[in-house]
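S.K.: Using this note's numbering, the first residue of the sequence shown is number 124, and each one after it goes up by one. Below: one structure in structure tokens.
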Amino acid sequence: MKGSSSKKQLTTQSYPVPRKGTFVKIFRKNYQFYLLILPAVLFTFIFSYIPMYGAQIAFRDFNPGLGYLGSEWVWFKHFLRFFREPTFWRLIKNTVTLNLYLHIFTTSLELIFALMLNEVYNKHFKKTVQMITYMPHFISTVAMCGMILLFLHRETGVINLIGINLFGTEGYNFIADPHWFKSIYVISLAWQNLGWGSIIFVAALSGVSQEIVEAATIDGVNRFQKIWYVDLPTILPTLIILVVLQMGSLLSGGFDAILLLQNSLNLESSEVLATFVYKLGITNAQFSYSTAIGLFNSVINVIFLIIVNKAADRLTDTSLW
Numbered sequence: 124m125k126g127s128s129s130k131k132q133l134t135t136q137s138y139p140v141p142r143k144g145t146f147v148k149i150f151r152k153n154y155q156f157y158l159l160i161l162p163a164v165l166f167t168f169i170f171s172y173i174p175m176y177g178a179q180i181a182f183r184d185f186n187p188g189l190g191y192l193g194s195e196w197v198w199f200k201h202f203l204r205f206f207r208e209p210t211f212w213r214l215i216k217n218t219v220t221l222n223l224y225l226h227i228f229t230t231s232l233e234l235i236f237a238l239m240l241n242e243v244y245n246k247h248f249k250k251t252v253q254m255i256t257y258m259p260h261f262i263s264t265v266a267m268c269g270m271i272l273l274f275l276h277r278e279t280g281v282i283n284l285i286g287i288n289l290f291g292t293e294g295y296n297f298i299a300d301p302h303w304f305k306s307i308y309v310i311s312l313a314w315q316n317l318g319w320g321s322i323i324f325v326a327a328l329s330g331v332s333q334e335i336v337e338a339a340t341i342d343g344v345n346r347f348q349k350i351w352y353v354d355l356p357t358i359l360p361t362l363i364i365l366v367v368l369q370m371g372s373l374l375s376g377g378f379d380a381i382l383l384l385q386n387s388l389n390l391e392s393s394e395v396l397a398t399f400v401y402k403l404g405i406t407n408a409q410f411s412y413s414t415a416i417g418l419f420n421s422v423i424n425v426i427f428l429i430i431v432n433k434a435a436d437r438l439t440d441t442s443l444w
């Protein structure tokens, strides 16, 4: 009896029953932390949750004079219109290929750059390289795209001047060629965000166990073997989480830079869902149609996110949830 009562006492102590007013006590004790996250909670609620009410205009012929509830309900009319759009498949293809190209190229470069930095033992040189590579991230997208357009100018651009002076080639209007647009866009963003995007990998590499590194060194592994068998497995969960997050924005990335680099000659490969919605919603004031496309975009992104997260969980036991 004595043993059972002590066991019951231990169980009660291990799993305390919540009492009324517990949350109030916890809040009073840690109110500084709740106040710290309050701006983020308010920002998310105001700009992410409240606008969901307006998503209903995707199923209405929205008239600003009649308001949300006064506008006629048309169900899936605008979605069917978008599916019948002559450029529908081109928009989907451009958006998916451009974002896949961007994510694969930039993530690979950032990973390789972080691994290279991790092998640099001179701290002053390492900090200098990091500072130089971080700087382009703080250049505005407008300024960055203006620089790209100047560099690629047919007559006065640096690229064409080098080609003319060294190889005797004629000036070429790269930005007007649809075949060059994707590479120009991806390379320019990779240059701008190389250092900044590698921060998370550098931080993950700092968590590599030095005991494992020393043991591998004693076993006689070289630098490439250490990277392959020690560094990469350590940061693999971080890489998988980043890939899953990127798949959640597969159809909605790169609006600002694409719009600034876009012109009438490269529309064949530069027109994506984001720019298409911008032109319909802002320029042509087709609010219901553009909202329907944006809602379709969001639903597909959520589906991609769930599928990739589930696949990552099954293959690597690493996932967002």
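The C-beta atom is built at its ideal place from N, Cα and C for all residues, glycine as well.
(1) Pairs of beta-carbons, one from the region 255-275 and one from the region 290-308, closer than 8 Å: are there three or more?
(2) So, with DSSP's three-state summary, where would you put S321?
(3) Could you pull out every residue in the same chain whose Cβ sits closer than 8 Å to the Cβ of T220, ignoring the five residues on either side in sequence?
(4) Pick out the complete beta strand (DSSP E) segments inside the region 174-215, 3 residues or longer, and give them in chain order.
(5) If we count the other Cβ atoms within 10 Å of its Cβ and call it buried at 16 or more, is L403 buried or exposed?
(6) Going by the beta-carbon positions, is the gap between F498 and L214 smaller than 7 Å?
(7) Run through DSSP, which three-state label would K262 get?
(8) Cutting at 7 Å between CB atoms, please list the residues of its own chain near W319, excluding the five before and the five after it.
(9) With a threshold of 16 other CB atoms inside 10 Å of the CB of M267, please say whether the residue is buried or exposed.
(10) Alpha helix (DSSP H) containing Y295: first to last residue?
(11) Using beta carbons (cut-off 7 Å, strictly below), is G177 in contact with chain B?
(12) Rounding to the nearest angstrom, what Cα-Cα distance links S387 and V367 in this structure?
(13) Tell me the rounded alpha-carbon separation between Y157 and F248.
(14) Can you find the residues in the same chain that come closer than 8 Å, C-beta to C-beta, to A339, ignoring five residues on each side of it along the sequence?
(15) Assign M370 to one of two classes, buried (16 or more other C-beta atoms within 10 Å of its C-beta) or exposed (fewer than that).
(16) Is DSSP giving G126 helix, strand or coil here?
(17) Are there 16 or more other CB atoms within 10 angstroms of the CB of S321, so buried, or fewer, so exposed?
(18) Rounded to a whole number of angstroms, what is the C-alpha to C-alpha distance between I227 and Q385?
(19) Using a Cβ distance threshold of 8 Å, determine whether the region 189-203 contacts the region 408-416, with at least three qualifying pairs required.
(20) Who are the Cβ neighbours of L443 in its own chain at under 7 Å, not counting the five residues just before and after it?
(21) Within 10 angstroms of the Cβ of A237, are there 16 or more other Cβ atoms? Answer buried if so, exposed if not.
(22) Roughly how many whole angstroms lie between the Cα atoms of T230 and I323?
(23) The alpha helix (DSSP H) spanning V431 covers which residue range?
(24) Please state whether DSSP places T279 in a helix, a strand or coil.
(25) Alpha carbon to alpha carbon, how far is H302 from I287? Give it in angstroms, no decimals.
(26) Would you kindly work out how many angstroms separate the C-alpha atoms of V243 and K250, rounded to a whole number?
(27) So what's D300 in DSSP terms, helix, strand or just coil?
(28) Check each candidate in A178, D436, L165 and F206 and name the one with the smallest Cα separation from L359.
(29) Is N241 closer than 7 Å to L328 when the C-beta atoms are compared?
(30) Just how far apart, CA to CA, sit L312 and L232?
(31) What's the C-alpha gap between Y429 and V147?
(32) Quick one: grab the DSSP three-state call for L133.
(33) Quick one: grab the DSSP three-state call for W444.
(34) What are the start and end residues of the alpha helix (DSSP H) that includes E334?
M.R.: With the structure as the only source:
(1) Contact holds: three or more Cβ-Cβ distances are below 8 Å.
(2) coil
(3) K305
(4) DSSP runs (the beta strand (DSSP E)) wholly in the region 174-215: 183-186 and 194-196.
(5) buried
(6) Coverage of the chain is limited to positions 124 through 444, which leaves residue 498 absent and any answer about it impossible.
(7) The question names Lys, but residue 262 is Ile in the sequence shown. Here I262 sits in coil by DSSP.
(8) Y257 and H260
(9) Result: buried.
(10) Taken as a continuous stretch (DSSP letters only), Y295 belongs to no alpha helix (DSSP H), as it is neither H nor E.
(11) You won't find chain B in this structure, because it holds only one protein chain.
(12) 34 Å
(13) Distance between the alpha carbons of Y157 and F248: 41 Å.
(14) Q348, K349, Y352 and V353
(15) buried
(16) Because the pLDDT of G126 is 47, which lies under 50, any placement of that residue in the model is unreliable, and the question is left without a value.
(17) Looking at its Cβ environment, which holds 16 or more other Cβ atoms inside 10 Å, S321 is buried.
(18) 22 Å
(19) yes
(20) I364, V367 and N432
(21) buried
(22) Cα to Cα, T230 sits roughly 11 Å from I323.
(23) From DSSP, the alpha helix (DSSP H) with V431 extends over F410 to T439.
(24) T279 falls in the coil class under three-state DSSP.
(25) 21 Å
(26) 10 Å
(27) DSSP places D300 in coil when its eight states are reduced to three.
(28) D436
(29) yes
(30) 11 Å
(31) The residue asked about is misnamed: residue 429 is Ile in this sequence, not Tyr. Cα to Cα, I429 sits roughly 36 Å from V147.
(32) Here L133 scores only 43 on pLDDT, less than 50, and its place in the model is too uncertain to base an answer on.
(33) coil
(34) Q333 to I341
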